[in-house]
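Here is the structure we will look at.
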Amino acid sequence: MSVGLETATLITGIWHPASVVVPKRTTVNQKPEYMVAKKLLVHALIFISFFLGIKPFAQNLTRIDSLQNALKTAGQDTNRVIILNELIWRLRHNLNHTNLPKYEKEAIALAKELDFPRGVAYAYRNIGYININKGDYSVALSYFDSCLMFSKEKGYRRGEALAYSGIGWALTDIGRSSEGIDNYKKALAIYNKLKDSLRIEDVYINMGNNYYVTGNYPDALNSYMLCLRSAERSGNQGNEGSAYFGLALVFTMQRNYTEALHYYQKQLRISEEKGDILTIAYTFNNMGVIYKELGNYPEALHYFNESRRMKQEQGDVAGTAEAFANIGDLYLNQGEYKKALENFRTALTLFQKSN
21 MSVGLETATL ITGIWHPASV VVPKRTTVNQ KPEYMVAKKL LVHALIFISF
71 FLGIKPFAQN LTRIDSLQNA LKTAGQDTNR VIILNELIWR LRHNLNHTNL
121 PKYEKEAIAL AKELDFPRGV AYAYRNIGYI NINKGDYSVA LSYFDSCLMF
171 SKEKGYRRGE ALAYSGIGWA LTDIGRSSEG IDNYKKALAI YNKLKDSLRI
221 EDVYINMGNN YYVTGNYPDA LNSYMLCLRS AERSGNQGNE GSAYFGLALV
271 FTMQRNYTEA LHYYQKQLRI SEEKGDILTI AYTFNNMGVI YKELGNYPEA
321 LHYFNESRRM KQEQGDVAGT AEAFANIGDL YLNQGEYKKA LENFRTALTL
371 FQKSN
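So for the sequence shown, my numbering puts the first residue at 21; every next one is plus one.
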């Protein structure tokens, strides 16, 4: 029998992809399993390029430079709008970038001037996600609403789906999970009509994340599995890996460690083929947590150390701090207090360094 969050002991140290959001605001009457999931997700480090669907950091910077150079010679046409929108999307985590507000205003104004519905819809959508990253959900929802109203007026169905997905993400993030699911379902219905397998898979992942956070594991498993089946048909390795990771997270919370390790191994094969070192490092972290829960401390230490080594090599300071913290916790469980303290001190120093 699976163990639900309401009866489960908190599993600390698990890392979650950025797409698994930590609810920022919640209703007064929260379910016990929701509160445990929220506490668990506070431990999550929020960086991994593989599951975000963006290029690794250095490649992203190179692409941004290339787009900014292209913008210098672009005319006042739809191609300029496309360049602006890609710049806005790639800069959505760099909120202090000097030119970001200028790009936002120009993208919307020029797209409207050119009567370019796709350009307007994507600009509204992108700015919505930027405001989610700022933590300003009312502004984010206003942009998603603008995207929805404009797209309906123009008969641009893909824009409607983009808006519903954005609304679903924002509502999930602030704890209005059932409303989030309702909007994801609206997006899914449109993408099914458009036969857009990539977006269908994205929505299934987001729905799975929503269900996972609220402790609805049967629906989370179903959503991740639907994504997996679609990704296997379409050959989309990125979403296939995301589905494997999601399935592993759910099985971990259900204490079904055999299945969790099975799906982490499948995800690792994809990451190894792509040479995605950080994804491998974070997967090793979660496998270490499982072996710790099983009481197999030597195996847990092996995976934590491998995770630490890879994160150090990649310059991931916060991730390295997390690894030292997990190693410290492992020693603490074994009563090796001196080693535990050494690792906790190193973790604290690194966390402070990484802000």
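We put the beta carbon where it would ideally sit given N, CA and C, even for glycine.
Subject >> Which of helix, strand or coil DSSP assigns to D135 >> reply: The count along the sequence shown starts at 1 and reaches residue 135 at position 115. DSSP places D135 in coil when its eight states are reduced to three.
Original post:
Per the contact definition of three or more C-beta pairs closer than 8 Å, is the region 212-224 in contact with the region 232-240?
Top reply: no
Original post:
For L288, which residues from the same chain have a beta carbon less than 8 Å from its beta carbon, with the 5 sequence-adjacent residues on both sides left out?
Top reply: Counting from one through the sequence shown, the residue named residue 288 turns up at place 268. Excluding positions up to five away in sequence, the list reads I300 and T303.
Original post:
Considering only residues of the same chain and omitting the five flanking positions on each side of L148, which have a CB-CB separation below 6 Å?
Top reply: As a first step, residue 148 is located in the sequence shown; it is residue number 128 there, counting from the start. It should be noted that the sequence gives Gly, not Leu, for residue 148. Cβ neighbours of G148 beyond the five flanking positions: A160, Y163, F164 and G186.
**OP:** Can you tell me which of the three DSSP states I187 falls into?
**Re:** Counting from one through the sequence shown, the residue named residue 187 turns up at place 167. Residue state, collapsed to three classes: helix.
Original post:
Would you report the Cα separation of L115 and N276, rounded to the nearest angstrom?
Top reply: Counting from one through the sequence shown, the residue named residue 115 turns up at place 95. Counting from one through the sequence shown, the residue named residue 276 turns up at place 256. Answer to the nearest angstrom: the Cα atoms are 40 Å apart.
Subject >> Coil, strand or helix - Y176 by DSSP >> reply: Here residue 176 refers to the residue found at position 156 when the sequence shown is read from its first residue. Residue state, collapsed to three classes: coil.
Original post:
Is it buried or exposed for Y357, if we count other Cβ within 10 angstroms and need 16 for buried?
Top reply: Along the sequence shown, one-based indexing puts residue 357 at 337. The residue in question, Y357, is exposed, as its Cβ has fewer than 16 Cβ neighbours within 10 Å.
Subject >> Cβ neighbour criterion (16 or more within 10 Å) applied to D97 >> reply: Counting from one through the sequence shown, the residue named residue 97 turns up at place 77. So D97 counts as exposed.
Original post:
Below 7 Å between beta carbons: does that hold for I297 and Q334?
Top reply: Here residue 297 is taken as the residue at index 277 of the sequence shown, counted from 1. Here residue 334 is taken as the residue at index 314 of the sequence shown, counted from 1. A contact, by the Cβ cut-off of 7 Å.
Original post:
Which whole-angstrom value describes the C-beta separation of I84 and L111, a residue pair presumed to lie in contact below a C-beta threshold of 8 Å?
Top reply: As a working note, residue 84 is residue 64 in the sequence shown. As a working note, residue 111 is residue 91 in the sequence shown. Going by Cβ atoms, the distance from I84 to L111 rounds to 7 Å, so yes, they are a contact pair.
**OP:** Would you tell me roughly how many angstroms separate the C-alpha atoms of N363 and M307, rounded to the nearest one?
**Re:** In the sequence shown, counting from the first residue as 1, residue 363 sits at position 343. In the sequence shown, counting from the first residue as 1, residue 307 sits at position 287. Looking at the two C-alpha atoms, the distance is approximately 19 Å.
Original post:
Is H113 helix, strand or coil when you go by DSSP?
Top reply: As a position in the sequence shown, residue 113 is number 93, starting the count at 1. Coil at H113, not helix or strand.
**OP:** Could you name the residues of the same chain whose beta carbon sits closer than 7 Å to that of A343, not counting the 5 residues immediately before and after it, in chain order?
**Re:** Position 323 of the sequence shown, counting from 1, holds the residue named residue 343. Same-chain partners within the cutoff: N305, F324, S327, R328 and K331.
Subject >> Pair within 7 Å by beta-carbon distance, N105 and N146 >> reply: Within the sequence shown, residue 105 is the residue found at index 85, counting from 1. Within the sequence shown, residue 146 is the residue found at index 126, counting from 1. Yes; because the gap between Cβ atoms is below 7 Å, this pair is in contact.
Original post:
To the nearest whole angstrom, what separates the beta carbons of L100 and L130, a pair I think is in contact under 8 Å?
Top reply: As a working note, residue 100 is residue 80 in the sequence shown. As a working note, residue 130 is residue 110 in the sequence shown. As written in the sequence, residue 100 is Arg, which differs from the Leu given in the question. Right, their Cβ atoms sit about 6 Å apart.
**OP:** Could you pull out every residue in the same chain whose Cβ sits closer than 6 Å to the Cβ of G228, ignoring the five residues on either side in sequence?
**Re:** The residue given as residue 228 occupies position 208 in the sequence shown. Excluding sequence neighbours, G228 sits near A240, S243, Y244 and G266.
Original post:
Quick one: Cα of S197 to Cα of A207, how far?
Top reply: Start at 1 with the first residue of the sequence shown, and residue 197 comes out as number 177. Start at 1 with the first residue of the sequence shown, and residue 207 comes out as number 187. Distance between the alpha carbons of S197 and A207 is about 15 Å.
Subject >> Whole-number beta carbon distance between N230 and C247, since they are thought to touch under 8 Å >> reply: As a first step, residue 247 is located in the sequence shown; it is residue number 227 there, counting from the start. As a first step, residue 230 is located in the sequence shown; it is residue number 210 there, counting from the start. Their Cβ separation, rounded to whole angstroms, is 13 Å, which puts C247 and N230 out of contact at 8 Å.
Subject >> Cβ-based burial, L107 [other Cβ within 10 Å; buried from 16] >> reply: Translated into positions along the sequence shown, residue 107 becomes position 87. Result: buried.
Original post:
Start and end of the alpha helix (DSSP H) containing D349?
Top reply: Start at 1 with the first residue of the sequence shown, and residue 349 comes out as number 329. Looking at the DSSP string, the run of the alpha helix (DSSP H) that includes D349 is V337 to N353.
Original post:
Where in the region 252-331 do unbroken runs of the beta strand (DSSP E), each at least 3 residues long, occur, reported from the N-terminal end onward?
Top reply: none
Subject >> Where the alpha helix (DSSP H) containing D202 begins and where it ends >> reply: For the purposes of this step, residue 202 is taken as the residue at position 182 of the sequence shown. First-last of the alpha helix (DSSP H) with D202: S197 to L214.
**OP:** Provide the residue span of the alpha helix (DSSP H) that contains D222, from first to last.
**Re:** Position 202 of the sequence shown, counted from the first residue, corresponds to residue 222. Here the alpha helix (DSSP H) through D222 covers S217 to V233.
Original post:
Is it the case that the Cβ atoms of Y317 and Q354 are separated by a distance below 7 Å?
Top reply: Within the sequence shown, residue 317 is the residue found at index 297, counting from 1. Within the sequence shown, residue 354 is the residue found at index 334, counting from 1. Yes. Within cutoff.
Original post:
How about A209 and C167: do their beta carbons lie closer than 7 Å?
Top reply: Numbered from its first residue, the sequence shown carries residue 209 at position 189. Numbered from its first residue, the sequence shown carries residue 167 at position 147. Contact: no.
Subject >> Distance, Y184 Cα to F170 Cα >> reply: The sequence position of residue 170 within the sequence shown is 150, counting from 1. The sequence position of residue 184 within the sequence shown is 164, counting from 1. Looking at the two C-alpha atoms, the distance is approximately 13 Å.
**OP:** Return the Cβ separation of Y224 and V270 in integer angstroms, given the expectation that the two are a contact with Cβ distance under 8 Å.
**Re:** By 1-based counting over the sequence shown, the position of residue 224 is 204. By 1-based counting over the sequence shown, the position of residue 270 is 250. At roughly 14 Å, the Cβ-Cβ gap does not stay under 8 Å, so Y224 and V270 are not in contact.
**OP:** State buried or exposed for S86, treating a residue as buried only when at least 16 other CB atoms are found within 10 Å of its CB.
**Re:** As a first step, residue 86 must be located in the sequence shown, where it is residue number 66. Counting Cβ neighbours within 10 Å, S86 comes out exposed, since fewer than 16 surround it.
Original post:
Given G139, which residues of its chain have a CB within under 6 Å of its CB, disregarding the five upstream and five downstream residues?
Top reply: Mapped onto the sequence shown, residue 139 falls at position 119. Same-chain partners within the cutoff: V101 and A131.
Subject >> Start-to-end residues for the alpha helix (DSSP H) that takes in Q372 >> reply: Taking the sequence shown and counting its residues from 1, the one referred to as residue 372 is at position 352. Start and end: Y357 to K373.
Original post:
Candidates A181, K174 and H117: which alpha carbon is nearest I150's?
Top reply: Taking the first residue of the sequence shown as position 1, residue 150 is located at position 130. Here the closest residue by C-alpha is H117.
**OP:** Could you check if L370 is buried or exposed, using at least 16 other CB atoms within 10 Å of its CB as the buried criterion?
**Re:** Here the question's residue 370 lines up with position 350 in the sequence shown. Per the 10 Å Cβ criterion, buried.
**OP:** Would you decide whether L350 is buried or exposed? Buried here means 16 or more other CB atoms lie within 10 Å of its CB.
**Re:** Position 330 of the sequence shown, counting from 1, holds the residue named residue 350. Answer is buried; the Cβ neighbour count reaches 16.
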